[in-house]
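Sequence positions in the sequence shown follow the numbering used here and run 3 to 306. Structure first, then comments.
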Amino acid sequence: MNEVVSIDLGSNSFRVLKYDCRNEKILAEYNEVVGMADGLVETNRISKDAMQRVIEAINKSVEIVNYDTKKAVAVTTAAMRKAKNNQEVLKYFKDETGVDFTIIDGKEEARLTLLAVKYALKREKINSSKFILLDIGGGSTEIIVNNNDTYKSHSFDFGIVTMTQEYLHYHALNSDLEKRKKEIKKYLDSLEINLDDYTFVATAGTPTTVAAVKLGQDFFSYDKDVVNGTIVNLDDLQTCLTLLSNSSKEEITKLVGRGRVEFIEVGIFIYQAIYEVLGKSESIVLDDGLREGVAINACLKCKT
């Protein structure tokens with residue numbers, strides 16, 4: 003297999019990648035916000051509107067990326083794990099588009115994301131021996147502690163979409179974040195590691211958005227090649243929050259893209275909370291994540 007197409011259907015985003023296995027290069031990609039977890043907190047179900055948005059996104063991606071949906075390696079994560087009607091939804095997607103999604107658990111999500119990040123760190127010529135990886139998703143947040151060739155991971159049951167839906171007022175959000183910080187600290191303490199020995203690395207939409215804002219980019223001028231490897235510090239987070247609070251909805255949409263406006267502030271608060279737990283003042287931001295990991299993993303399987 004020289005090429006592979008991977009699909010990552012998250013709680014908010016739909017991401018497709020065509021990958022050249024031999025040369026380890028991206029050939030084409032497609033991203034769209036589909037809001038699959040909309041209403042999930044209240045109903046525990048994927049809505050018909052969300053299902054239709056995914057179908058339309060798949061069809062658009064086929065036009066742009068040009069791939070056989072039946073051959074795509076497709077995964078889906080937290081929202082689908084939680085939805086009571088997940089099997090019905092997945093059958094509908096397969097019947098309508100040919101894409102056969104696999105629901106992966108938090109451990110596999112962490113493994114695949116870590117695989118992508120290790121490749122990215124090597125590409126960016128950044129030391130990849132000891133680092134703590136943060137992956138803020140729509141329905142879950144993954145913390146991965148990498149120590150050379152071994153790692154430990156934990157999937158925490160909160161993300162930018164579900165937390166936004168659950169908490170509409172900052173004080174309620176702040177209170178819950180304090181509980182989440184204790185939960186994460188307890189996990190890290192159980193590993194008995196010295197956090198000072200580990201670099202802080204962050205991936206997914208919130209960190210890349212903050213990095214893009216720092217670089218003067220917006221949604222329409224976003225350049226992941228420039229974003230990759232960007233150092234984001236706590237002041238950058240505060241600058242981004244201030245900018246958001248002083249901007250209109252239209253201005254924020256231009257900055258972060260449609261479908262992300264209502265979630266980005268909560269995402270930054272989560273990001274900030276992890277800084278505090280780790281006792282870090284800066285992180286390295288990478289655009290590479292689950293879909294890249296799925297593609298690389300498929301390539302590696304073919305070589306063995």
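C-beta atoms are modelled at their ideal positions from N, C-alpha and C, and glycine is treated no differently. All figures in this text were calculated on a predicted structure; none of them were measured in a lab.
Of the listed residues the options, nearest to residue i (C-alpha basis)
i, options, result
"serine 250", "Leu217, Leu117, Glu264 and Asp237", "Glu264"
"leucine 92", "Lys50, Ser177 and Asp220", "Lys50"
"phenylalanine 221", "Asp290, Lys27, Leu197 and Glu252", "Glu252"
"isoleucine 57", "Glu44, Cys23, Ile9 and Thr45", "Ile9"
"aspartate 137", "Gly259, Ser283 and Ile272", "Ile272"
"valine 228", "Gln167, Leu42 and Val287", "Val287"
"valine 203", "Gln54, Ala122, Tyr69 and Lys27", "Ala122"
"leucine 257", "Thr211, Lys181, Leu190 and Lys226", "Thr211"
"lysine 73", "Glu168, Ser283 and Val6", "Val6"
"valine 43", "Ser13, Asp70 and Ser285", "Ser13"
"glutamate 278", "Arg182, Lys303, Tyr224 and Gly207", "Arg182"
"lysine 303", "Ser15, Phe16 and Arg24", "Arg24"
"alanine 206", "Gly139, Leu179 and Glu110", "Gly139"
"lysine 154", "Glu65, Lys305, Ile195 and Ala52", "Ile195"
"glutamine 240", "Glu98, Tyr200 and Glu284", "Glu284"
"glutamate 98", "Ser15, Ala52 and Ile60", "Ile60"
"threonine 1", "Ser15, Asn4 and Leu11", "Because the chain here runs from 3 to 306, residue 1 falls outside it and cannot be looked at."
Residue i in three-state terms, based on DSSP
i, result
"leucine 302", "helix"
"alanine 275", "helix"
"aspartate 102", "coil"
"leucine 193", "coil"
"phenylalanine 95", "helix"
"valine 6", "strand"
"lysine 132", "strand"
"valine 228", "helix"
"aspartate 220", "coil"
"isoleucine 48", "coil"
"alanine 174", "helix"
"alanine 76", "strand"
"tyrosine 121", "helix"
"aspartate 198", "helix"
"asparagine 61", "helix"
"glycine 259", "coil"
"glycine 281", "coil"
"glycine 41", "coil"
"alanine 213", "helix"
"asparagine 88", "helix"
"aspartate 107", "coil"
"aspartate 70", "coil"
"glycine 291", "coil"
"glutamate 168", "helix"
"serine 247", "helix"
"glutamate 264", "coil"
"glutamate 180", "helix"
"glutamate 185", "helix"
"glutamate 126", "coil"
Residues that DSSP places opposite residue i in a beta bridge
i, result
"lysine 27", "Asp22"
"tyrosine 153", "Asn148"
"phenylalanine 16", "Leu11 and Glu34"
"isoleucine 286", "Val203 and Ile233"
"isoleucine 138", "Thr143"
"phenylalanine 158", "Thr143"
Nearest-angstrom Cβ-Cβ length linking residue i and residue j, presumed shorter than 8 Å
i, j, result
"valine 67", "valine 101", "Incorrect: roughly 12 Å between the Cβ atoms, too far for contact."
"isoleucine 48", "valine 77", "The pair is not a contact, with the Cβ atoms about 16 Å apart (cut-off 8 Å)."
"threonine 115", "leucine 292", "5 Å"
"leucine 243", "isoleucine 270", "6 Å"
"threonine 166", "valine 268", "5 Å"
"valine 147", "tyrosine 200", "7 Å"
"aspartate 290", "valine 119", "6 Å"
"leucine 246", "isoleucine 233", "Their Cβ separation, rounded to whole angstroms, is 21 Å, which puts leucine 246 and isoleucine 233 out of contact at 8 Å."
"lysine 20", "leucine 29", "4 Å"
Cβ of residue i within 8 Å of any chain B Cβ
i, result
"alanine 112", "This model lacks chain B altogether, as it is built from one protein chain only."
beta-carbon residue i near the ligand PLP non-hydrogen atom, thresh 7 Å
i, result
"arginine 293", "Ligands are entirely absent from the displayed structure, and the ligand PLP is therefore not among its contents."
Touch check for the region 175–186 and the region 23–36: three-plus C-beta pairs under 8 Å? At 8 Å Cβ cutoff, the stretches do not touch.
Are the region 82–91 and the region 143–151 touching, with three or more C-beta to C-beta distances below 8 Å? Result no; under three Cβ-Cβ pairs closer than 8 Å.
Mind the definition here: the region 297–306 touches the region 204–223 only if three or more C-beta pairs lie below 8 Å; say whether that holds. Judged by Cβ distances under 8 Å, the region 297–306 makes no contact with the region 204–223, as fewer than three pairs qualify.
Indicate whether the contact test is met: 3 or more Cβ pairs, each with one atom in the region 155–162 and one in the region 127–134, closer than 8 Å. Using a C-beta cut-off of 8 Å, the region 155–162 makes no contact with the region 127–134, since fewer than three inter-stretch Cβ pairs fall below that distance.
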